[in-house]
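Quick notes on the structure that follows.
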């Protein structure tokens, strides 16, 4: 599905896509075992797309109690206008090394070359391809999907479509998820349940997991001197304004106005969303302008008594890619433990 021609969108999207191709992955954290990589071609309903597979033979050999290694679909962010398949390569490699999972990273198409719902469908098609005979070896007994930002949105979309297609997922990892693109600026959204208050979270552990997000975050809280707090707040306001402009541009470039409230474009508007999601890990950045979207998702899961974990970090958007090393490591290690616990 092609989008209408808008020179301004095409030029800016081309700049962003070119930058994303030139941006390599972080080298941190380091995998404890060697990881192999190979490129694959994945058939989709819109034609072929490429993808990368990461696997660690040593980690797979260590899975004594499992007949087949788990499968994890890792979906990169980029606002659905950036095609940065290697941006979170460090996440894929670390997950492969530490969990023994086979990681598939699809190189789905983005705006302005395509528009909604191409990327959503391609990510689900990649899952179906991975499960087809011979594509990834024997069928895995555990299937997870995850990503950051719009990659988290696509992971949620994949879970939605998998549920409708009667494909059972074991887990979902949503880092700073985008769940509502209907708004002119980021937020929890009209289709979202009001977010859980941070004060309540600090006092009462999540009943479904027994873990307190604020407690998990407390060890990272930076100490700021009073003299620089004003400058920090001013910088954050400018950064948030830029983020909101990019958020709006990405939504306008990829999702037509009439589709903004479609449950696949904005999962927050899916009235049966919680019934479609497997056990879920939600990682929220306290400084992320759209943090309330992740909190609102956790609130819906909590009210439905669905198993989930909500962890809040002192960081911004997609901090597993752009965050400080100690926070990045803690978040990715949490993802490893989540997959191992399934």
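Numbering (the UniProt record's numbering), first residue to last: 1 to 342.
All residues carry an ideal CB built from backbone N, CA and C; glycine is no exception.
Compute the Euclidean distance between the alpha carbons of residue i and residue j, then round it to the nearest angstrom.
i, j, result
"residue 339", "residue 248", "33 Å"
"residue 283", "residue 290", "12 Å"
"residue 331", "residue 43", "32 Å"
"residue 314", "residue 107", "30 Å"
"residue 169", "residue 129", "15 Å"
"residue 243", "residue 82", "15 Å"
"residue 334", "residue 144", "14 Å"
"residue 176", "residue 311", "10 Å"
"residue 307", "residue 296", "15 Å"
"residue 318", "residue 31", "20 Å"
"residue 250", "residue 85", "17 Å"
"residue 91", "residue 241", "28 Å"
"residue 131", "residue 293", "31 Å"
"residue 336", "residue 95", "6 Å"
"residue 183", "residue 134", "43 Å"
"residue 323", "residue 316", "7 Å"
"residue 114", "residue 136", "28 Å"
"residue 87", "residue 71", "20 Å"
"residue 265", "residue 139", "29 Å"
"residue 121", "residue 286", "31 Å"
"residue 162", "residue 298", "20 Å"
"residue 258", "residue 109", "21 Å"
If you follow the beta strand (DSSP E) that residue i is part of, which residue opens it and which one closes it?
i, result
"residue 154", "That residue, residue 154, is in no beta strand (DSSP E); its alpha helix (DSSP H) goes 150-164."
"residue 45", "It is not in any beta strand (DSSP E) - residue 45 carries neither H nor E in the DSSP assignment."
"residue 74", "71-75"
"residue 308", "308-313"
"residue 114", "Note, residue 114: premise wrong, no beta strand (DSSP E); not H, not E."
"residue 30", "Looking at the DSSP string, residue 30 is not in any beta strand (DSSP E), and its letter there is neither H nor E."
"residue 285", "279-285"
Mind checking whether residue i and residue j have CB atoms under 8 Å apart?
i, j, result
"residue 159", "residue 303", "no"
"residue 105", "residue 149", "no"
"residue 93", "residue 46", "no"
"residue 80", "residue 123", "no"
"residue 342", "residue 142", "yes"
"residue 305", "residue 273", "no"
"residue 33", "residue 97", "yes"
"residue 253", "residue 111", "yes"
Am I right that residue i and residue j are in contact with their C-beta atoms under 8 Å? What's the rounded C-beta distance?
i, j, result
"residue 171", "residue 75", "In fact, because the Cβ distance is near 14 Å, the residues do not count as touching under 8 Å."
"residue 57", "residue 102", "No, residue 57 and residue 102 are not in contact; Cβ-Cβ is about 11 Å, not under 8 Å."
"residue 73", "residue 126", "6 Å"
"residue 344", "residue 116", "The chain is shown only over 1 to 342; residue 344 falls outside these bounds and no answer can be derived."
"residue 245", "residue 181", "No, residue 245 and residue 181 are not in contact; Cβ-Cβ is about 14 Å, not under 8 Å."
Leaving out five residues before and five after residue i in sequence, what residues of the same chain have Cβ atoms less than 7 Å from its Cβ?
i, result
"residue 270", "160, 263"
"residue 63", "69, 100"
"residue 325", "28"
"residue 288", "176, 316, 317"
Can you find the residues in the same chain that come closer than 6 Å, C-beta to C-beta, to residue i, ignoring five residues on each side of it along the sequence?
i, result
"residue 281", "173, 309, 338"
"residue 328", "320"
"residue 77", "148, 149, 150, 151, 318"
"residue 267", "156, 179, 273"
"residue 36", "55"
"residue 279", "171, 307"
What span of residues does the alpha helix (DSSP H) with residue i cover, start to end?
i, result
"residue 333", "325-341"
"residue 106", "Where residue 106 is concerned, there is no enclosing alpha helix (DSSP H), although the beta strand (DSSP E) it sits in stretches over 102-106."
"residue 320", "319-322"
"residue 174", "Where residue 174 is concerned, there is no enclosing alpha helix (DSSP H), although the beta strand (DSSP E) it sits in stretches over 171-175."
"residue 96", "89-99"
"residue 295", "291-303"
"residue 368", "There is no way to answer for residue 368, as the model of the chain reaches only from 1 to 342."
"residue 274", "273-276"
Once the 5 residues before and after residue i are set aside, which same chain residues still bring their CB inside 8 Å of it?
i, result
"residue 48", "41, 42"
"residue 164", "276"
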